[in-house]
Amino acid sequence: MQIKTHMGVSIDGLVTSADGLAAWEWDPGYDGKSPPPGYSDFMENVGAVVMGRTTFEQGLPEWKDAWPWGERPIRVLTHRPLPEGAPATVKASLGGPKAVVDELKKTGITNDVQLLGGPKAIQSFIDADLLDRLGIVVLPVLLESGIPLFPVKATAFSREVWDKSSHKPARETVRTMRLESQKQLEGRAVHMVYAFT
Ligand SMILES: NC(=O)c1ccc[n+]([C@@H]2O[C@H](COP(=O)([O-])OP(=O)(O)OC[C@H]3O[C@@H](n4cnc5c(N)ncnc54)[C@H](OP(=O)(O)O)[C@@H]3O)[C@@H](O)[C@H]2O)c1
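Just so we're aligned, residue 151 is where the sequence shown starts under this note's numbering, counting upward by one.
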């Protein structure tokens, strides 16, 4: 069982526009109906889905009428009970990444688990060393403002900082990944899958 993502990301690294609309919807090839590029293939071996509460609450009104995940168990990471109105397959998971993975294993799931997002949920899995594959689909759009996949602290080049730096401590704390696969999708997007080393 692998925990894996399939995140749509703009070229400037954002998963939503400033109003919170997912980057997928800004894909110039998006028709408003079809699954996002690569999603059907990705879901073939997915037996359960985990997401953060913000993503769940944002998506629920739309998903309710045409539930996208069939009978697959859905777990929502949260610190509070869920609002009413979700199918019985949806449960709140109050214990964080390790608790939800342990619980899903106990249900007998052998297939992979999609970590749907958003960035806060993904970061908590990375911090817990529980994300096996970071899959991203880079979409041909610059969103300029919105929610980044990874929060970054932007800096401007400083000669003074450069001259004083040994360039070592930062490298020791940088997380590296191994590129496992890459593929062009639908002639416009690039799917990359990284394993954490
Ligand atoms: N482009 C894409 O592929 C894509 C995919 C998915 C989502 N998105 C976008 O991402 C945005 C939301 O992202 P986000 O990072 O702000 O929120 P998020 O990860 O969806 O949800 C964050 C919330 O989930 C709960 N949570 C997350 N990790 C937790 C943990 N380890 N333990 C317990 N609770 C946890 C907390 O809720 P409480 O403490 O409030 O209970 C937290 O405030 C949405 O706008 C959505 O459209 C984009």
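The C-beta atom is built at its ideal place from N, Cα and C for all residues, glycine as well. Predicted, not measured: the structure shown is a model, and the values here were computed from it.
Q: Could you check the C-alpha separation between A249 and P186 for me, to the nearest Å?
A: The residue given as residue 249 occupies position 99 in the sequence shown. The residue given as residue 186 occupies position 36 in the sequence shown. Going from the Cα of A249 to the Cα of P186 covers about 29 Å.
Q. If you pair each beta-carbon of the region 231–240 with each one of the region 209–217, do three or more pairs fall below 8 Å?
A. yes
Q) Can you find a heavy atom of ligand 1 that lies under 8 Å from the Cβ of S274? A) Counted from its first residue, the sequence shown places residue 274 at position 124. Because some heavy atom of ligand 1 lies under 8 Å away, the Cβ of S274 counts as near it: yes.
(Q) Does the beta-carbon of V165, which I'm using as the reference point, lie nearer than 8 Å to any heavy atom of ligand 1? (A) In the sequence shown, residue 165 corresponds to position 15, counting from 1. Yes.
Q) Would you call L105 buried or exposed, if buried means 16 or more other Cβ atoms sit within 10 Å of its Cβ? A) Given that the chain is displayed from residue 151 to residue 347, the structure contains no residue 105 and the question cannot be resolved.
Q) Which residues in the same chain as A198 place their Cβ atom closer than 6 Å to its Cβ, once the five residues preceding and following it in sequence are excluded? A) Position 48 of the sequence shown holds residue 198. If we look at A198 and ignore the five residues flanking it on each side, its Cβ neighbours are R222, P223, L254, I259, V263.
Q.
Once DSSP output is grouped into helix, strand and coil, what is the label at T323?
A. Mapped onto the sequence shown, residue 323 falls at position 173. Three-state DSSP puts T323 in a helix.
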